[in-house]
Ligand SMILES: [Zn+2]
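Residue numbers (this note's numbering): 3 to 196.
Below is the structure:
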């Protein structure tokens, strides 16, 4: 007996490309394919990546559920009030903390400012100016210290090479654990839309 597997519904976009690609988005599947590739090849490709597709859909559904739960349990006004409070606290506390670390590490930043970057906890430039995201104030003390140490270390090493990580490890030996915590916090903030 021949087993009948059903290819999930998909939107096919053909273009002058050489390879096939898949995108799982908002519960829908988008396949990009070369102009003249036979439909059967396209479906074979989808079939071969079924595991990947199902995993992406499950992840997205979990995120949607988490967002719905968050919204159901949150008063927008109260949330906005809390956000303003966090921002104010970040502006008060983060630069002061950075100055303490700068002193300890013997590194002098040109400035330490608090901004509202969403995708990065901190950044620095060649002129020695450090920026920290106010969202960092939502992390615990050890994670905050790691980000500050990371940016200060860049004023010695403008890269992520071995020498750079050696400086970070000297002042934040458990930095790997902090990175894991920060990624989890990032995911939570994405769900909350903060
Ligand atoms: Zn870096």
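Glycine included, C-beta positions come from ideal geometry on N, C-alpha and C.
Predicted, not measured: the structure shown is a model, and the values here were computed from it.
Sequence-distant residues of the same chain with beta carbon closer than 7 Å to residue i, five excluded per side
i	result
residue 23	34
residue 188	none
residue 182	none
heavy atom of ligand 1 below 7 Å from residue i C-beta
i	result
residue 105	no
residue 162	yes
residue 152	yes
residue 156	yes
Which residues DSSP lists as bridging residue i, in chain order
i	result
residue 53	In the DSSP output, where bridge partners are listed per residue, residue 53 has none listed.
residue 114	132
residue 33	14 and 24
residue 125	133
Neighbourhood of residue i by C-beta distance below 8 Å, restricted to the same chain and skipping five residues each side
i	result
residue 160	128
residue 59	26 and 29
residue 146	96, 99, 138 and 139
residue 55	10, 24, 26, 31 and 48
Proximal residues to residue i (C-beta, below 6 Å), its chain only, five neighbours per side dropped
i	result
residue 124	134, 149 and 153
residue 126	132, 153 and 156
residue 91	139
residue 114	97, 100 and 132
residue 68	193
How about the region 130-147 and the region 105-120: do they share at least three Cβ pairs that are nearer than 8 Å?
-> Touching, per the Cβ criterion.
Please confirm if the region 9-18 is in contact with the region 28-44, defined as three or more CB-CB distances below 8 Å between the two stretches.
-> yes
Tell me, please, whether the region 54-72 touches the region 168-177 by the rule of three or more beta-carbon pairs shorter than 8 Å.
-> Segment contact: the region 54-72 against the region 168-177, fewer than three CB-CB distances shorter than 8 Å; contact not assigned.
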